[in-house]
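Trainee:
Protein chains: 2
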Amino acid sequence: MAILTFIGAGQMASALTFPTFENGHEIRLVGTPLDREIIDQLRKDNYHINLKRTLHDGIKYYQVEEMEEAIQGADVILGGVSSFGVDWWADEVLPKLNKDVPIITVTKGMIDLENGDMITYPDYWQSKPAGKELNFNAIGGPCTSYELADHDDSWVAFCGHDIETLRYLKQIFETSYYHISLSTDVKGVEFSVALKNAYALGVTLAVGLAEKREGIGKVHYNSQAALFGEGVCEMRKLLKLAGAGADNIVYGAGDLYVTVFGGRTRKIGTLLGRGLSFDEAMAKLKGVTLESIVIATRTARAVRNLAANGKADLKDYPLLMHVDEIINQGKPVNIPWTAFETEYVGE
Amino acid sequence: MAILTFIGAGQMASALTFPTFENGHEIRLVGTPLDREIIDQLRKDNYHINLKRTLHDGIKYYQVEEMEEAIQGADVILGGVSSFGVDWWADEVLPKLNKDVPIITVTKGMIDLENGDMITYPDYWQSKPAGKELNFNAIGGPCTSYELADHDDSWVAFCGHDIETLRYLKQIFETSYYHISLSTDVKGVEFSVALKNAYALGVTLAVGLAEKREGIGKVHYNSQAALFGEGVCEMRKLLKLAGAGADNIVYGAGDLYVTVFGGRTRKIGTLLGRGLSFDEAMAKLKGVTLESIVIATRTARAVRNLAANGKADLKDYPLLMHVDEIINQGKPVNIPWTAFETEYVGE
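Quick mapping for you: the protein sequence lines, in order, are chains Z and S.
Under the numbering used here, the first residue of the first sequence carries the number 1, and numbering increases by one thereafter.
Under the numbering used here, the first residue of the second sequence carries the number 1001, and numbering increases by one thereafter.
1. What separation, rounded to the nearest whole angstrom, lies between the Cα atoms of Thr1165 (chain S) and Thr1184 (chain S)?
2. Please name the residue or residues paired with Ile103 (chain Z) in a DSSP beta bridge.
3. Looking at Trp1125 (chain S) and Gly1008 (chain S), is the spacing between their C-beta atoms short of 9 Å?
4. Mapping the DSSP letters down to three states, classify Val156 (chain Z) as helix, strand or coil.
5. Nearest by alpha-carbon distance to Ile4 (chain Z): which of Z:Thr54, Z:Ile172, Z:Gln329, Z:Glu325 is it?
6. Which of the three DSSP states is assigned to Met1321 (chain S) in this structure?
7. Select from the stretch 1151–1170 of chain S all residues with a C-beta closer than 7 Å to any C-beta belonging to chain Z, and list them in chain order.
8. Starting from the N-terminal side, write out each stretch of the beta strand (DSSP E) that is 3 residues or longer and does not extend beyond the stretch 166–250 of chain Z.
9. Measuring CA to CA, which of S:Gly1273, S:Leu1227, S:Val1260 is closest to Glu1341 (chain S)?
10. Suppose the cutoff is 8 Å on Cβ atoms and the five residues either side in sequence are ignored; what does the same chain contact list for Glu66 (chain Z) look like?
11. So that I know if they touch, is there some Cβ in chain Z lying closer than 9 Å to that of Thr1144 (chain S)?
12. Would a check of beta-carbon distances place Glu22 (chain Z) closer than 9 Å to chain S?
13. Considering just the uninterrupted stretch of the beta strand (DSSP E) at Asp313 (chain Z), what are its terminal residues?
14. Starting from the beta carbon of Val1250 (chain S), find every residue of chain Z whose beta carbon is closer than 7 Å, and list them in chain order.
15. List, in order along the chain, the chain Z residues whose C-beta lies closer than 9 Å to that of Trp1337 (chain S)?
16. Leaving aside the five residues before and after Ala1138 (chain S) along the sequence, list all residues of the same chain whose C-beta is less than 8 Å from its C-beta, in chain order.
17. From the DSSP output, read off the bridge partner residues of Leu1016 (chain S).
18. Tell me the DSSP secondary structure of Met1353 (chain S) in three-state form.
19. Could you check which residue in S:His1151, S:Gly1262, S:Ile1180, S:Thr1175 has the C-alpha nearest to that of Ala1200 (chain S)?
20. Chain Z beta carbons: is any one of them nearer than 9 Å to that of Gln1126 (chain S)?
21. I want to verify the contact list: residues of chain S whose CB lies under 9 Å from the CB of Asp100 (chain Z), in sequence order.
22. Tell me, please, which residues DSSP counts as bridged to Val30 (chain Z).
23. What residues in the stretch 1192–1226 of chain S have a beta carbon less than 9 Å from any beta carbon of chain B?
24. Looking at the unbroken alpha helix (DSSP H) that takes in Ile1119 (chain S), where does it start and where does it end?
25. Any beta-carbon of chain S closer than 9 Å to the one on Phe340 (chain Z)?
26. What do you get for Phe1136 (chain S), buried or exposed, if any count of 16 or more other CB atoms within 10 angstroms of its CB means buried?
27. Thinking C-alpha only, which one of Z:Thr17, Z:Lys44, Z:Leu97, Z:Trp155 is nearest His357 (chain Z)?
28. With a cut-off of 8 Å on the beta carbons, I'd call Ile1326 (chain S) and Leu1272 (chain S) a contact; round off their distance for me.
29. Which bits of chain S does Phe261 (chain Z) rub up against, with CB to CB less than 7 Å?
30. Taking all protein chains shown into account, do 16 or more other C-beta atoms lie within 10 angstroms of the C-beta of Ala283 (chain Z), making it buried, or fewer, making it exposed?
31. When the distance is taken between beta carbons, is Ser223 (chain Z) closer than 9 Å to Asp1152 (chain S)?
32. Output yes or no for whether 9 Å exceeds the beta carbon distance between Gly109 (chain Z) and Val294 (chain Z).
33. How about Glu1343 (chain S): is its C-beta nearer than 9 Å to some C-beta of chain Z?
34. Can you find a C-beta in chain S that's less than 9 Å from the C-beta of Gly346 (chain Z)?
35. Is the Cβ of Val1333 (chain S) closer than 9 Å to any Cβ of chain Z?
36. Going by DSSP in three states, Ile295 (chain Z) sits in which element: helix, strand or coil?
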């Protein structure tokens, strides 16, 4: 039995209490300053107000000011903040952590630097003075929190620089329904699952375009499949551009698949496809956090910066560029179909 | 304006009359012996009884005994038979064709030889005495006939050994909604789109498994996405095994995406996932032709033959092997999740 301290009581971290608690570990779930109500309710009856599931009885709950107590004696720290909590996590949590205790984070995303370089969150945290000696690992892959909480078979990748740490984490987390691959290619796994957010928005434009023509609720697939194929193609090129192994497209393709069907990104893509402007679509979704917008913007900016330095060709990423034009330049949806066409001569 | 003779009046060939007729070409649509009723009805009012769409007025229709008249003066021959008509096409049509007239086929699939080699239909036809000098090309990619007939934006790949022929065909077929990439990697394109049928059956097992647990009509995605990711992974390995460029996974991934949502393959996979035996599931779908069953069987047999000769490792294809066990050995669905897990050490 190990002691696991989860910092951040969002949906994914809270869903991960299911496999870990069921494996017999002590689970301490700590809220961020934004999770106060979640923790309050959990303490009453184990009901998670955002995940909308009752967690196992026996999990220990902590408000943010009790974090240090929760960290005491932990064997593993799980970071459960969203990409909007990356700096809070760096500033408020990292200084409290012990270099001998492995960390595993569920935060999906990446950061682009001014020169166009793209870095993962684990690498970003490692670059901080308080993070320099810490042992960061991360979870990627196609797994939604609700279905994990419902014990659906789910398959993820744990990535980190040390395979022994990854094997240790795997035996703590793995259950009969939570399946784990391991990879030391951190960039590969992390970029795959970050990029898929940008492309899920791209694919779901076709959902709205079909509805605009056929009526809301009518589903057509040829155009979605075309954008899906183009998305996979551009994601593979972006992985290479970022110095990550293109084989990781396996995670990206599965994750793109699940994201196209899930929640907020599909909503915004569909609304844009129907013909709403970006501002109109955002107004309809007020209050929701849209990581897809952040990732699409950062990736497009990185590629533009790399292109300005002769290190990338914008023509290789027509779908990404169009998504960026829609969300950041107010342009209407007008899929650049002919730009997707390729001509390959060879075996 | 060119004269295009379509041999086989199935759904895909008939859907392709839309872009080509609209481009101003003369279209001659010839039924196979199985298409007699289709042609009879088309002659009355242009209504296609299987595609359930009215074709353009002005298309010329021919019964099979009028084939030679329809071939006279044609600039392009389109082969529209399904994989069940491959030998009829070889025996009855190829001897009537002219080596200077390019052929383009929509038949998806592949044939496995006893030694485990997998060959494309164009290569199979080329191996026949009557096919030796003919100029074969083929269409792959994610495109369903109904949506093409409805003028949805669709993206396909034309493949063949001569890029000039492919460019000629592209300018004949391409419209504002029918988008075409070109590739001389015939094996790559053809195997991608063939293999996706086997894997679409694999992915949709998860649809039925979720329904078995949650109730029919309930849709969960984690398990589907996991199988989708595994499918993409195995398809890439199979492309390499068959000597095709693994980059073609772009077509395979898009085509897998559209097939998971379309028709018959989803039905059989869902029924199997719900717990029906293969025989029970087939009985429920009586009368439908299931190319996915054919392809899964052939691919699994090829891999087993290659493995017997030390040229492949069955452990690389756990999903394919399980699909084969279900359909050919009467085994119940029991997804081999842990066999999907990988450990990658490297950058």
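Each residue gets a CB set at the ideal place from its N, CA and C atoms; glycine is no exception.
Mentor: Walking through what the data contain:
1. Along the second sequence, read from residue 1 onward, the residue named residue 1165 (chain S) stands at position 165. Along the second sequence, read from residue 1 onward, the residue named residue 1184 (chain S) stands at position 184. CA-to-CA, the gap between Thr1165 (chain S) and Thr1184 (chain S) works out to about 10 Å.
2. Indexing the first sequence from 1 puts residue 103 (chain Z) at position 103. According to DSSP, which records beta bridges pairwise, Ile103 (chain Z) is partnered with Z:Ile77, Z:Phe136.
3. For this step, residue 1008 (chain S) is matched to residue 8 along the second sequence. For this step, residue 1125 (chain S) is matched to residue 125 along the second sequence. Result no, Cβ atoms of Gly1008 (chain S) and Trp1125 (chain S) do not sit closer than 9 Å.
4. In the first sequence, residue 156 (chain Z) corresponds to position 156, counting from 1. Residue state, collapsed to three classes: strand.
5. Within the first sequence, the letter at position 4 stands for residue 4 (chain Z). First, the residue type needs correcting, since residue 4 (chain Z) is Leu and not Ile in the sequence shown. In terms of Cα proximity to Leu4 (chain Z), the closest of Z:Thr54, Z:Ile172, Z:Gln329, Z:Glu325 is Z:Ile172.
6. On the second sequence, position 321 is the one that residue 1321 (chain S) refers to. Three-state DSSP puts Met1321 (chain S) in a helix.
7. Listed in sequence order: Asp1152, Asp1153, Ser1154, Trp1155, Ile1163.
8. Within the stretch 166–250 of chain Z, the complete beta strand (DSSP E) runs of at least 3 residues are 178–183.
9. The residue labelled residue 1341 (chain S) in the question sits at position 341 within the second sequence. Per the C-alpha coordinates, the member of S:Gly1273, S:Leu1227, S:Val1260 positioned closest to Glu1341 (chain S) is S:Leu1227.
10. Here residue 66 (chain Z) corresponds to residue number 66 of the first sequence, with the count starting at 1. Closer than 8 Å at Cβ, skipping near neighbours: Val30.
11. Position 144 of the second sequence, counted from the first residue, corresponds to residue 1144 (chain S). Chain Z, which has a Cβ nearer than 9 Å to the Cβ of Thr1144 (chain S), makes this yes.
12. Along the first sequence, one-based indexing puts residue 22 (chain Z) at 22. Look at Glu22 (chain Z): its C-beta is not under 9 Å from any C-beta on chain S.
13. In the first sequence, residue 313 (chain Z) corresponds to position 313, counting from 1. Looking at the DSSP string, Asp313 (chain Z) is not in any beta strand (DSSP E), and its letter there is neither H nor E.
14. Here the question's residue 1250 (chain S) lines up with position 250 in the second sequence. Against chain Z, a Cβ distance below 7 Å from Val1250 (chain S) picks out Gly229, Val232, Cys233.
15. Taking the second sequence and counting its residues from 1, one reaches residue 1337 (chain S) at position 337. Going along chain Z in sequence order, the residues near Trp1337 (chain S) (Cβ under 9 Å) are Asp153, Trp155, Ser176, Tyr177, His179.
16. Within the second sequence, residue 1138 (chain S) is the residue found at index 138, counting from 1. Cβ within range, chain order: Ile1104, Thr1105, Val1106, Thr1107, Thr1120, Tyr1121, Pro1122, Phe1158, Cys1159, Gly1160, Val1186, Val1189, Glu1190.
17. Stepping through the second sequence from its first residue, residue 1016 (chain S) is reached at position 16. None, per the DSSP bridge assignment.
18. It is not possible to answer for residue 1353 (chain S), since the shown part of chain S is limited to 1001 through 1347.
19. In the second sequence, residue 1200 (chain S) corresponds to position 200, counting from 1. Closest option to Ala1200 (chain S), judged by alpha-carbon separation, among S:His1151, S:Gly1262, S:Ile1180, S:Thr1175: S:Gly1262.
20. As a working note, residue 1126 (chain S) is residue 126 in the second sequence. Not an interface residue.
21. By one-based count along the first sequence, residue 100 (chain Z) stands at place 100. Those do not exist, as Asp100 (chain Z) stays about 22 Å from chain S at its closest Cβ, beyond 9 Å.
22. Counted from its first residue, the first sequence places residue 30 (chain Z) at position 30. Residue pairing from DSSP places Val30 (chain Z) in a beta bridge opposite Z:Ile7, Z:Tyr62.
23. Of the chains in the structure shown, none is chain B; the protein chains are Z and S.
24. Numbered from its first residue, the second sequence carries residue 1119 (chain S) at position 119. Not the alpha helix (DSSP H): Ile1119 (chain S) falls in the beta strand (DSSP E), residues 1118–1120.
25. The residue given as residue 340 (chain Z) occupies position 340 in the first sequence. Closer than 9 Å: yes.
26. What you label residue 1136 (chain S) is simply residue 136 of the second sequence in a count that begins at 1. Buried is the call here.
27. Past the edges of chain Z, shown from 1 to 347, lies residue 357 (chain Z), and the structure says nothing about it.
28. As a position in the second sequence, residue 1326 (chain S) is number 326, starting the count at 1. As a position in the second sequence, residue 1272 (chain S) is number 272, starting the count at 1. 6 Å between Cβ atoms; contact.
29. Numbered from 1 along the first sequence, position 261 holds the residue referred to as residue 261 (chain Z). Within chain S, the residues whose beta carbon sits less than 7 Å from that of Phe261 (chain Z) are Tyr1221, listed in sequence order.
30. The residue labelled residue 283 (chain Z) in the question sits at position 283 within the first sequence. Exposed, since its Cβ has fewer than 16 Cβ neighbours within 10 Å.
31. Locating residue 1152 (chain S) in the second sequence gives position 152, counting from the first residue. Locating residue 223 (chain Z) in the first sequence gives position 223, counting from the first residue. Judged by their CB atoms, Asp1152 (chain S) and Ser223 (chain Z) are nearer to each other than the 9 Å cut-off.
32. Mapped onto the first sequence, residue 109 (chain Z) falls at position 109. Mapped onto the first sequence, residue 294 (chain Z) falls at position 294. Taking 9 Å as the cut-off, the beta carbon of Gly109 (chain Z) is found closer than this to the beta carbon of Val294 (chain Z).
33. As a first step, residue 1343 (chain S) is located in the second sequence; it is residue number 343 there, counting from the start. Proximity of Glu1343 (chain S) to chain Z, defined by a Cβ-Cβ separation below 9 Å, is satisfied.
34. The sequence position of residue 346 (chain Z) within the first sequence is 346, counting from 1. Chain S, which has a Cβ nearer than 9 Å to the Cβ of Gly346 (chain Z), makes this yes.
35. Counting from 1 along the second sequence, the entry for residue 1333 (chain S) is found at position 333. So, not an interface residue.
36. The residue labelled residue 295 (chain Z) in the question sits at position 295 within the first sequence. Taken through DSSP and simplified to helix, strand or coil, Ile295 (chain Z) comes out as helix.
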